[in-house]
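Novice:
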Amino acid sequence: MQLVIEAGKTEGLYWRDLWRYRELFYFMAWRDILVRYKQTVVGIAWSVVRPLLTMLVFTFVFQKLAKMPSDGDVPYPVLIFAALVPWQFFANALTECSNSLILNTNLVSKVYFPRIILPTSAVIVSFVDLLISLVLLVILMLAYHVAPDWHILALPGFMLLAFAAAMGAGYWLAALNVKYRDFRYVVPFIAQFGFYMSPVGYSITRVPEKWRLLFALNPMVGPIDGFRWAILRGKSPLYPPGIVVSALAIGLIFASSLWYFRRTERKFADII
């Protein structure tokens, strides 16, 4: 008698398998975190240096050279860093997710488990960077005497939006990278292009009003603007229609990525 194990033969069994393999998810996430910080020259300091240097460059270029004003009386470095935190999380998650299946070829080709565990655990690694950046943001806010208020209560909701955006885009890229290896070269371009098309160095109010809804189709516009609004006591303006459009775009990307990942998952072992 031959037993054939087919990944996710039914949706119910697949999601049940995710719960059964939860320990594998914990192990993979913890392993990736250890590898990420143990096999680097500066270790955890890199998670601090990179956003800090980006913030300094943006402050010099946009405030000193371009004379771009800040929102309200918020110090410009804090305004920039509050947007860099969710963006760096998203950009790092794209890189980690896109390579998650390729870097675990032996597991994918020889052992059955829900493959979606790999890109999901990769997002957790990026979440650790986000937590480190949040600590640096708190220190920066203390240095500039910027204290949050009740708006901070909305922060978890905008963080969930950023998570959904990262996982949705990550699932797409992870699945596509298995079949089309050229996508590993596309990811850096997506991250660089998205960086300049996201309100990191400026708020959405700097975008002409007739283009704002189109601009908000970028899934990270909502999380970045919302994160900044929640952190900075509402002094950074929020564009509610843009939040709605961005949330709808995130929902579409997330749902379509799950559909595509599940549709192609059973072929990963053969292709990889």
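Per the working numbering, the very first residue in the sequence shown carries number 414; after that it's consecutive. All C-beta atoms in this analysis are idealised placements derived from N, C-alpha and C, irrespective of residue type, glycine included. Source: prediction; values computed, not measured.
1. Suppose you measure from the CA of alanine 495 to the CA of alanine 504; what does that come to, to the nearest Å?
2. Please list, in chain order, all residues of the same chain as alanine 629 whose beta carbon is under 6 Å from its beta carbon, the five residues on each side excluded.
3. Give the straight-line distance between the Cα atoms of leucine 651 and aspartate 683, rounded to the nearest whole angstrom.
4. Could you spell out where the alpha helix (DSSP H) holding asparagine 519 opens and where it closes?
5. Determine the extent of the alpha helix (DSSP H) in which isoleucine 656 is found, giving its start and end residues.
6. For leucine 416, count the other beta carbons within 10 Å of its own beta carbon; 16 or more makes it buried, fewer makes it exposed. Which is it?
7. For threonine 677 versus alanine 588, is the C-beta distance shorter than 8 Å?
8. Since valine 541 and isoleucine 446 are thought to touch, with beta carbons under 8 Å apart, how far apart are those beta carbons, to the nearest angstrom?
9. By Cβ distance, which residues of its chain are closer than 6 Å to proline 532, with the 5 residues on each side in sequence left out?
10. Distance, Cα to Cα, alanine 420 vs leucine 671?
11. Measuring CA to CA, which of Phe526, Ala442, Leu466 is closest to aspartate 430?
12. If you follow the alpha helix (DSSP H) that alanine 604 is in, where does it begin and where does it stop?
13. With a threshold of 8 Å, are at least 3 pairs of Cβ atoms found where one atom belongs to the segment 627 to 641 and the other to the segment 567 to 576?
14. Verify the contact flag: phenylalanine 571, CB atom, against every heavy atom of the ligand SAH, threshold strictly below 7 Å.
15. Does DSSP put tryptophan 490 in a helix, in a strand, or in coil?
16. Taking the alpha helix (DSSP H) that proline 569 belongs to, which residues open and close that run?
17. DSSP state of arginine 429, grouped into three classes?
18. For alanine 560, count the other beta carbons within 10 Å of its own beta carbon; 16 or more makes it buried, fewer makes it exposed. Which is it?
19. Which residues bound the alpha helix (DSSP H) around proline 532?
Specialist: Checking against the coordinates, here is how it stands:
1. 15 Å
2. Gly655, Val658, Ser659
3. 47 Å
4. 518 to 523
5. 653 to 678
6. A caution first: leucine 416 carries a pLDDT of 39, below 50, which makes its placement in the model unreliable, though a value can still be read off. It is exposed - the Cβ of leucine 416 has fewer than 16 other Cβ atoms within 10 Å.
7. yes
8. 6 Å
9. Cys510, Ser513, Gly583, Tyr584, Ala587
10. In this prediction, alanine 420 scores a pLDDT of 49, lower than 50, which makes its location untrustworthy; no coordinate-derived value is stated.
11. Phe526
12. 596 to 609
13. yes
14. For the structure depicted, the ligand SAH is absent and the ligand set is empty, with no information on it obtainable.
15. Sequence check: residue 490 is proline here, not tryptophan. Three-state DSSP puts proline 490 in a helix.
16. 568 to 592
17. helix
18. exposed
19. 530 to 556
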